[in-house]
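Scroll down for the structure; my scribbles are underneath it.
Protein chains: 2
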Amino acid sequence: MSVGREQILTAAIRHLNEDPTASMAELAEAVGISRATLHRHFSSRDELMVALGHRALAEWEQAQEAAGVAEGAASTDPEEIRRVLDALLERLIEVADAYGFGLTDHAMAVHPDLLRRSDELEEREVALFAAAQRAGLLRADLPPRWISNAVFGLLVAVRESLRRGEVARRDVHHLLTTTFFQGAAGDGGRA
Amino acid sequence: MSVGREQILTAAIRHLNEDPTASMAELAEAVGISRATLHRHFSSRDELMVALGHRALAEWEQAQEAAGVAEGAASTDPEEIRRVLDALLERLIEVADAYGFGLTDHAMAVHPDLLRRSDELEEREVALFAAAQRAGLLRADLPPRWISNAVFGLLVAVRESLRRGEVARRDVHHLLTTTFFQGAAGDGGRA
DNA sequence: ATCGTCTGAGACATAATTGTCTCAGACGAT
DNA sequence: ATCGTCTGAGACAATTATGTCTCAGACGAT
Numbered sequence: 001m002s003v004g005r006e007q008i009l010t011a012a013i014r015h016l017n018e019d020p021t022a023s024m025a026e027l028a029e030a031v032g033i034s035r036a037t038l039h040r041h042f043s044s045r046d047e048l049m050v051a052l053g054h055r056a057l058a059e060w061e062q063a064q065e066a067a068g069v070a071e072g073a074a075s076t077d078p079e080e081i082r083r084v085l086d087a088l089l090e091r092l093i094e095v096a097d098a099y100g101f102g103l104t105d106h107a108m109a110v111h112p113d114l115l116r117r118s119d120e121l122e123e124r125e126v127a128l129f130a131a132a133q134r135a136g137l138l139r140a141d142l143p144p145r146w147i148s149n150a151v152f153g154l155l156v157a158v159r160e161s162l163r164r165g166e167v168a169r170r171d172v173h174h175l176l177t178t179t180f181f182q183g184a185a186g187d188g189g190r191a
Numbered sequence: 001m002s003v004g005r006e007q008i009l010t011a012a013i014r015h016l017n018e019d020p021t022a023s024m025a026e027l028a029e030a031v032g033i034s035r036a037t038l039h040r041h042f043s044s045r046d047e048l049m050v051a052l053g054h055r056a057l058a059e060w061e062q063a064q065e066a067a068g069v070a071e072g073a074a075s076t077d078p079e080e081i082r083r084v085l086d087a088l089l090e091r092l093i094e095v096a097d098a099y100g101f102g103l104t105d106h107a108m109a110v111h112p113d114l115l116r117r118s119d120e121l122e123e124r125e126v127a128l129f130a131a132a133q134r135a136g137l138l139r140a141d142l143p144p145r146w147i148s149n150a151v152f153g154l155l156v157a158v159r160e161s162l163r164r165g166e167v168a169r170r171d172v173h174h175l176l177t178t179t180f181f182q183g184a185a186g187d188g189g190r191a
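Protein sequences, first through last, are from chains A and B. Just so we're aligned, residue 1 is where the first sequence starts under the UniProt record's numbering, counting upward by one. Just so we're aligned, residue 1 is where the second sequence starts under the UniProt record's numbering, counting upward by one.
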């Protein structure tokens, strides 16, 4: 049965999540095809990495669109923005878990195309956070870019927690949102 | 002038922070010594990486000790625990910034020695968070290990923010602590 | 049955990295 | 001045990953 580009990317990213230094030979084996065939689809390792990056960015973008980030950024309705934020975090968890290795991989930070596209996506989220601040949903004293980075960092935490099996998948969304919105301080911290 | 192991490690980590894939030759050049001399100090790349890992862990450990993590974990006094938490975050910022590449490097996750030591350090922090929960300082409904991972993730955010120059260094501690303790929700989120 | 297409296996050259080794020179201590 | 130590430069073999290529066989369509 012939495997397409998409299946190769899926299997490759799954393997790279466990061993980020895997060679083309290892990747081919993980996909279940020969090294030659892998090279027929992606003429160089670099090309494969860029394709992987674009796929991860596509998932990210899709998560934004499904959550309605653009609409949320343009809205002034706290209810709607809150819904968008929740939906975005929910979907970003999936993306972080599936494409997590890309969170830290340097291929993403090296290719101008990927970098530019990733900056653009990040910009949309920053705009959403800024809108959330205007609506009183998020604290106005935090720089939107810091908020964006904090969300990113918490997603790293999510991924790590899942990888180690320290938290159940069904609890992750609640942990992420409650930590992000309310923080970790207890009653004693305010009393 | 002869350079010692410590100076080599310092220069190497600084360079690896910018290019995590640097070869031994590049590292030697960055340090300002010849490749031969580098190999005289660290017979293999692996040995260098392990030394780097131990150094990063030593800094981490020192941060814990300076903050009084052990005492804090054994204490029931909210005031003291709060001071320890603050001091710990303050010092972890420095460590994350200086040894940040180790935050994501897999050498750390590959060598049993490093892994074990890193687990041990993490365990101490988990104990501190648990103590903070008992003292009412941190929410009791969050798993201590999730809190630990969340702090780690927020440190990644700190490092990234500093690297991009998106926030000033003097603001970072406040951003980190306020985000961690209070979260990002604004007034509108509770009203 | 035959054609066209795709595949796996493997040979091959190339390049990059690594680790070892040698040798000559710099340098400080005595 | 001389010794011992350390260094840089560079040669060297070994390893590994990469990219290309060829060839034979599988497979489906006609």
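Just so it is clear, CB atoms sit at the ideal spot from N, CA and C, and this is done for glycine as well.
Closer than 8 Å at the beta carbon, the chain A residues around Gly100/B = In chain order: nothing, as chain A lies at least about 11 Å away.
Can you grab the Cα-Cα spacing for the pair Ala107/A / Leu114/A, in whole Å?
-> 8 Å
Taking the alpha-carbon positions, what's the Leu57/A to Asp77/B distance?
-> 47 Å
Taking Cβ positions only, does Ile147/A come closer than 7 Å to chain B?
-> yes
State the DSSP-derived secondary structure class of Ala185/B, mapped to helix, strand or coil.
-> strand
Proximity below 7 Å, CB of Ala184/B to CB of Arg139/A = yes
State buried or exposed for Arg145/A, treating a residue as buried only when at least 16 other CB atoms are found within 10 Å of its CB.
-> buried
Just mark Gly4/B as buried or exposed, buried being the case when its beta carbon has 16 or more other beta carbons within 10 Å.
-> Classification for Gly4/B: exposed.
Contact set for Leu52/B: own chain, Cβ-Cβ below 8 Å, skip 5 residues either direction = Leu9, Ala12, Ile13, Leu16, Gly102, Ala107
Find the nearest neighbour of Ala22/A within the set Ala63/A, Leu48/A, Thr37/A, judged by alpha-carbon distance.
-> Of the listed residues, the one whose Cα sits closest to Ala22/A is Leu48/A.
When the Cα atoms are used, what is the spatial distance from Glu120/A to His54/A?
-> Annotation: Glu120/A to His54/A spans about 13 Å, alpha carbon to alpha carbon.
Thinking just about the alpha-carbon of each residue, which of Val172/A, Glu123/A, Arg82/A, Leu92/A is nearest to the one in Arg134/A?
-> Arg82/A
Going by other Cβ atoms of all chains shown within 10 Å of its Cβ, with 16 needed for buried, is Ala25/B buried or exposed?
-> exposed
Find the residues of chain B that neighbour Arg40/A, judging by a C-beta separation of less than 8 Å, and give them in chain order.
-> Within chain B, no residue comes near Arg40/A; the closest Cβ sits about 27 Å away, beyond 8 Å.
Hey, could you find the ends of the alpha helix (DSSP H) Glu26/A is sitting in?
-> 24-31
Residues near Glu61/B by beta carbon distance below 7 Å, same chain, minus five either side = Leu121
What does Leu16/A pair with, by DSSP beta-bridge criteria?
-> The partner list for Leu16/A (beta bridge, DSSP) is empty, contrary to what the question assumes.
Give the range of the alpha helix (DSSP H) segment to which Phe152/A is assigned.
-> 144-164
Please classify Arg159/A: is it buried, with 16 or more other beta-carbons within 10 angstroms of its beta-carbon, or exposed?
-> buried
Buried or exposed by the 16-neighbour rule on C-beta atoms within 10 Å, applied to Ala132/B | buried
Indicate whether at least one CB of chain A lies closer than 7 Å to the CB of Gly183/B.
-> The Cβ of Gly183/B sits closer than 7 Å to at least one Cβ of chain A.
Looking at the C-beta of Glu166/A, does it have a partner C-beta in chain B at a distance below 7 Å?
-> yes
Burial state of Gly32/B, where buried means 16 or more other Cβ atoms lie within 10 Å = exposed
DSSP on Leu137/B, reduced to helix/strand/coil?
-> coil
Closer than 7 Å to chain A by CB, Ser161/B = yes
Can you tell me whether Ala191/A is buried or exposed, with buried defined as 16 or more other CB within 10 angstroms of its CB?
-> Here the model assigns Ala191/A a pLDDT of 49, short of 50, so the residue's position is not dependable, and the following value carries that caveat. Looking at its Cβ environment, which holds fewer than 16 other Cβ atoms inside 10 Å, Ala191/A is exposed.
Contact list for Val156/A against chain B, beta-carbon separation under 7 Å | Gly153, Val156
Three-state secondary structure (DSSP) at Gly100/A?
-> coil
Hey, how far is the Cα of Ala67/B from the Cα of Arg117/A?
-> When rounded, the distance between both Cα atoms is 41 Å.
Helix, strand or coil for Ala130/A per DSSP?
-> helix
Skipping 5 residues on each side, what residues in its chain have a beta carbon closer than 8 Å to that of residue 265/A?
-> Since the displayed chain A opens at 1 and closes at 191, residue 265/A lies outside it and no answer follows.
Skipping 5 residues on each side, what residues in its chain have a beta carbon closer than 8 Å to that of Ala36/B?
-> none
Give every residue of the same chain whose Cβ lies closer than 7 Å to the Cβ of His41/A, excluding the five residues on either side of it in the sequence, and list them in chain order.
-> When the five nearest sequence neighbours on each side are left out, the beta carbons in the same chain lying within less than 7 Å of the beta carbon of His41/A are those of Arg5, Ile8, in order along the chain.
Cβ pair Asp187/A, Gly136/B closer than 7 Å | yes
By how many angstroms is the C-alpha of Ser2/A removed from the C-alpha of Gly100/B?
-> 43 Å
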